[in-house]
Each structure stands twice: as structure tokens, then as C-alpha cells.
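Engineer: Got a structure for you, questions after.
Chains as they are written, first to last, in this note's numbering: chain A, -6 to 146; chain B, 101 to 186.
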């Protein structure tokens, strides 16, 4: 039983309960565990979405995710950190991303989890293409996501 | 030789995933990202539009960087639209 850092990029789904349990079991000194799961929505910009395709830059992705987690660990006292991001074809309501963080107290866990997601969304090389009733579109980056990233510095 | 990669919508519109480019082109040394970008943009209107500064981000050896970054032979350079993961 010890703290761990896990960073995984995979096509297959992940089991939330299993990932949560791994974080819980990693130690008994942390009193806080915060998780975030991102899901495929059925609408985007008033269009009905049927599926999402996620592309990435394999050589760069894990490097960036690792840097983000290391930066979070330098900012807050964290125990275990787990980041799982899926790629490939995903249907509506499927899980895209999991971020789980443990720490002694809740504030660090809340902040670090949000920080990891804000950095991931603007720095990690993933691109989404959605299939809608009106055809396929590459999703455009949101200025609100970039603002959330900038707010941390 | 520079290895140049493209991702996302950019890859799709220019119909190119990967290029190997000599770092010296017609006597011109592509020793910065900016110079490489402008040589690529000269290919045609689509390349010019989608590789425009601000529209295509750049990473050198898998690290996001800026146009004034110095390039060395055998570097891996990637151009891509702003990222949309998560």
C-alpha cells in the first residue's frame, strides 16, 4: 500500500469503481479523494451529436500529462494521482477522461483536480471530431478553457 | 532531415500526416520554426490558411513551443490546431 501516479491513454473504457478503489487503497493517510469524469455529450452548439472521435499525438501525450501531474504535485501536497484519457471512437454518454487525486485534506484535492483538467484541456495534444446529424466537425478550442488555464498563472 | 507531423483538422485538410524535409532548402537554412512554417505555407492556399500563426500551434520534439524556436537537424516538429481533449 503506497501512493502511486498513474497516467494512461487507451482506447478501451475504464471502470470508475476500480479506479476509485485503487486510489482509496493506495494509503490510509489521505482524508480526501476527488474524482472527475468527462463524458460524451449528446449536443454541441445546438447540433445533435451521435459520436466522437478522439485523435492524439502519442509521442507527446504522455509526456505532457506527466508534466501536468508533476506540476500539480509541486503546487499541492498530493498523495496518489490517476489520469486516464481515452482515444478513438466514442459514443454518446461514454466516458472520455478520468482524473482522481488524493490528499490529506479536501482543498488540495479539489484544486489539484481542477488544475489537472484545465491544463489537460489546453496543453495535452488531443483533438475531438464529432459526428452530428449535419455531418462531421472538428471541435474548436474554447476561449473559456484557455482563460481557465491562464487563471492559474 | 526534419520530421514534420500534422494532426487534427490540419492533417485532414492538407491531406498530409508526415513529411521529411531537408533542413537546407534551396540554400535557405530552416533553422527556426517560423522559417519552416513559411516554407510550408507557400505550398498552396490551404496550407497557407491552416498553417497560419495562431491557427496552427507547434511542438518541437514533443514540447509545445513558439515560432522563434531554433531547429536542428533530426528534430521532430509537429503542427496542429489548438487542442480539444478532456
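The beta carbon of each residue, even a glycine, is placed where N, CA and C say it ideally should be. These numbers come from a predicted model, not from an experiment.
Excluding the 5 residues flanking residue 147 of chain A on each side, which residues of the same chain have their C-beta closer than 7 Å to its C-beta?
Structural biologist: The structure shown does not extend to residue 147 of chain A, since chain A is modelled only from -6 through 146, so no value can be given for it.
Engineer: Work out the CA separation of residue 0 of chain A and residue 14 of chain A for me, nearest whole Å.
Structural biologist: Numbered from its first residue, the first chain carries residue 14 of chain A at position 21. Numbered from its first residue, the first chain carries residue 0 of chain A at position 7. Their Cα atoms are separated by approximately 16 Å.
Engineer: What is the C-beta distance between residue 25 of chain A and residue 102 of chain A, in whole angstroms, given that I count them as a contact (C-beta under 8 Å)?
Structural biologist: For the purposes of this step, residue 25 of chain A is taken as the residue at position 32 of the first chain. For the purposes of this step, residue 102 of chain A is taken as the residue at position 109 of the first chain. At roughly 4 Å, the Cβ-Cβ gap stays under 8 Å, so residue 25 of chain A and residue 102 of chain A are in contact.
Engineer: In three-state DSSP terms, what is residue 131 of chain B?
Structural biologist: Here residue 131 of chain B corresponds to residue number 31 of the second chain, with the count starting at 1. It is coil, neither helix nor strand.
Engineer: Can you list, in chain order, the residues of the region 161 to 186 of chain B whose Cβ is nearer than 8 Å to any Cβ on chain A?
Structural biologist: 162, 163, 164, 176, 178, 180, 181, 182, 183, 184, 185, 186
Engineer: Suppose the cutoff is 7 Å on Cβ atoms and the five residues either side in sequence are ignored; what does the same chain contact list for residue 147 of chain B look like?
Structural biologist: Sequence index remark: in the second chain, residue 147 of chain B carries index 47 (1-based). Excluding five sequence positions before and after residue 147 of chain B, the CB atoms of its chain that fall closer than 7 Å to its own CB belong to 114, 140, 141, given in chain order.
Engineer: Chain A partners of residue 159 of chain B, CB-CB under 8 Å?
Structural biologist: Looking up residue 159 of chain B in the second chain gives position 59. Within chain A, the residues near residue 159 of chain B are 50, 53, 118.
Engineer: From which residue to which residue does the alpha helix (DSSP H) around residue 147 of chain B run?
Structural biologist: As a working note, residue 147 of chain B is residue 47 in the second chain. Segment 145 to 150, the alpha helix (DSSP H) holding residue 147 of chain B.
Engineer: Rounded C-beta distance between residue 192 of chain B and residue 124 of chain B? I'm assuming under 8 Å.
Structural biologist: Examination of residue 192 of chain B is not possible in this model, given that chain B is present from 101 through 186 alone.
Engineer: Are the CB atoms of residue 97 of chain A and residue 23 of chain A within a distance shorter than 8 Å?
Structural biologist: One-based indexing of the first chain puts residue 23 of chain A at position 30. One-based indexing of the first chain puts residue 97 of chain A at position 104. In this structure, residue 97 of chain A lies closer than 8 Å to residue 23 of chain A by Cβ.
Engineer: Taking C-beta pairs closer than 7 Å, name the residues in chain A that residue 73 of chain B reaches, listed in chain order.
Structural biologist: Coverage of chain B is limited to positions 101 through 186, which leaves residue 73 of chain B absent and any answer about it impossible.
Engineer: Are residue 61 of chain A and residue 140 of chain A closer than 8 Å when you measure CB to CB?
Structural biologist: Here the question's residue 61 of chain A lines up with position 68 in the first chain. Here the question's residue 140 of chain A lines up with position 147 in the first chain. No, these two residues do not count as a Cβ contact at 8 Å.
Engineer: Does the Cβ-Cβ distance between residue 118 of chain B and residue 136 of chain B come in under 8 Å?
Structural biologist: Against the second chain, residue 118 of chain B aligns to sequence position 18. Against the second chain, residue 136 of chain B aligns to sequence position 36. Not a contact, by the Cβ cut-off of 8 Å.
Engineer: Over the uninterrupted alpha helix (DSSP H) stretch that includes residue 88 of chain A, give me the two end residues.
Structural biologist: Walking along the first chain from the start, residue 88 of chain A turns up at place 95. It is not in any alpha helix (DSSP H) - residue 88 of chain A instead sits in the beta strand (DSSP E) that spans 88 to 96.
Engineer: Spatial neighbours of residue 4 of chain A within its chain, please: C-beta separation below 8 Å, excluding the five flanking residues on both sides.
Structural biologist: Taking the first residue of the first chain as position 1, residue 4 of chain A is located at position 11. Once the five neighbours on either side are set aside, the close Cβ partners of residue 4 of chain A are 79, 80, 81.
Engineer: Note down, in chain order, each residue of its chain lying with its Cβ closer than 6 Å to the Cβ of residue 105 of chain A, except the 5 sequence neighbours on either side.
Structural biologist: To locate residue 105 of chain A, count along the first chain from 1; it is residue 112. For residue 105 of chain A, where only same-chain residues beyond five positions count, the Cβ hits under 6 Å are 65, 69, 71, 94.
Engineer: Between which two residues does the alpha helix (DSSP H) carrying residue 53 of chain A extend?
Structural biologist: What you label residue 53 of chain A is simply residue 60 of the first chain in a count that begins at 1. For residue 53 of chain A, the enclosing alpha helix (DSSP H) begins and ends at 51 to 68.
Engineer: Run through chain B and tell me which residues come within less than 9 Å of residue -6 of chain A, C-beta to C-beta.
Structural biologist: Here residue -6 of chain A is taken as the residue at index 1 of the first chain, counted from 1. Within 9 Å Cβ-Cβ: nothing; residue -6 of chain A doesn't reach chain B, min ~30 Å.
Engineer: According to DSSP, is residue 78 of chain A helix, strand or coil?
Structural biologist: In the first chain, residue 78 of chain A corresponds to position 85, counting from 1. Residue 78 of chain A: strand per DSSP, three-state reduction.
Engineer: Name the one or two DSSP bridge partners that residue 103 of chain B has.
Structural biologist: Taking the second chain and counting its residues from 1, one reaches residue 103 of chain B at position 3. DSSP, once it has assigned bridges, lists B:120, B:176 as partnering residue 103 of chain B.
Engineer: Which same chain residues, not among the five before or five after residue 170 of chain B, have their C-beta less than 7 Å away from its C-beta?
Structural biologist: As a first step, residue 170 of chain B must be located in the second chain, where it is residue number 70. 131, 132.
Engineer: Beta-carbon of residue 81 of chain A versus every beta-carbon of chain B: anything under 8 Å?
Structural biologist: For the purposes of this step, residue 81 of chain A is identified with residue 88 of the first chain, where counting begins at 1. So no, residue 81 of chain A is outside the interface.
Engineer: Using a cut-off of 7 Å between C-beta atoms, extract the partners of residue 115 of chain A located in chain B.
Structural biologist: Residue mapping note: residue 115 of chain A aligns to position 122 of the first chain, counting from 1. Near residue 115 of chain A (Cβ distances below 7 Å), the residues of chain B are 183.
Engineer: Rounded to the nearest angstrom, what separates residue 157 of chain B and residue 123 of chain A at their Cα positions?
Structural biologist: Translated into positions along the second chain, residue 157 of chain B becomes position 57. Translated into positions along the first chain, residue 123 of chain A becomes position 130. About 21 Å.
Engineer: Of the residues A:-6, A:46, A:52, A:21, which one's Cα is nearest the Cα of residue 32 of chain A?
Structural biologist: Numbered from its first residue, the first chain carries residue 32 of chain A at position 39. Checking every option, the nearest Cα to that of residue 32 of chain A belongs to A:46.
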